[in-house]
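Novice: Number 1 in UniProt numbering belongs to position 1 of the sequence shown; there are no gaps in the numbering.
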Amino acid sequence: MRKNCRKICDEMEVQNHGSIDYYIMQEVCIAASERSAGVVAAAISALLRHIGRRKIKIGLGGAIIQFHPQYQEMLENYLKSMAPINIDWELCIVEEGSVLGAALVAAIAVNMNLK
């Protein structure tokens with residue numbers, strides 16, 4: 001982590017950075033990641049209640065899932081405490097999620113026009 005923080009400070013041309021700066025950067029990143037996972041889990045939990053299915057798979061994709069080594073675990077832990085207990089949910093990594101999402105939206109739009 002310190003290597004990454006040092007690299008970021010160098011790239012941003014921050015003068016005189018050291019261990020305490022790296023520690024603060026790490027703590028801020030952890031707090032932001034935890035907050036993000038909590039907000040996303042709250043939104044997913046609300047959707048689970050609204051959808052009402054007993055069993056559902058939740059697709060995850062994007063840079064945060066790809067590059068943050070603990071994000072999926074954080075999200076899962078928040079969901080365990082927020083999601084309705086009567087719903088059997090599972091998190092699944094989706095490769096090329098944006099392409100699949102666009103295809104799904106297009107299919108729904110075509111289906112709506114046919115009715």
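Ideal placement from N, C-alpha and C gives every residue a C-beta, glycine not left out.
1. Identify whether Gly62 lies in helix, strand or coil by the three-state DSSP scheme.
2. What does DSSP give as the partner residue(s) for Lys80 in the beta ladder?
3. Taking C-beta to C-beta, are Leu47 and Pro84 nearer than 7 Å?
4. So if DSSP puts Leu91 in a beta bridge, which residue, or which two residues, is it bridged to?
5. Buried or exposed: which applies to Ala37, given that a residue is buried once 16 or more other Cβ atoms fall within 10 Å of its Cβ?
6. Taking all protein chains shown into account, do 16 or more other C-beta atoms lie within 10 angstroms of the C-beta of Ile93, making it buried, or fewer, making it exposed?
Specialist: For this structure:
1. The residue you call residue 62 lines up with position 62 of the sequence shown. When secondary structure is reduced to three states using DSSP, Gly62 falls in the coil class, being assigned neither helix nor strand.
2. Here the question's residue 80 lines up with position 80 in the sequence shown. Lys80 is bridged by DSSP to nothing; it lacks a bridge partner.
3. Residue numbering aside, residue 47 sits at position 47 when the sequence shown is read from its first letter. Residue numbering aside, residue 84 sits at position 84 when the sequence shown is read from its first letter. In this structure, Pro84 does not lie closer than 7 Å to Leu47 by Cβ.
4. Reading the sequence shown from its first residue, position 91 is the one you call residue 91. Paired residues: Ile58.
5. The sequence position of residue 37 within the sequence shown is 37, counting from 1. Per the 10 Å Cβ criterion, buried.
6. In the sequence shown, residue 93 corresponds to position 93, counting from 1. Exposed is the call here.
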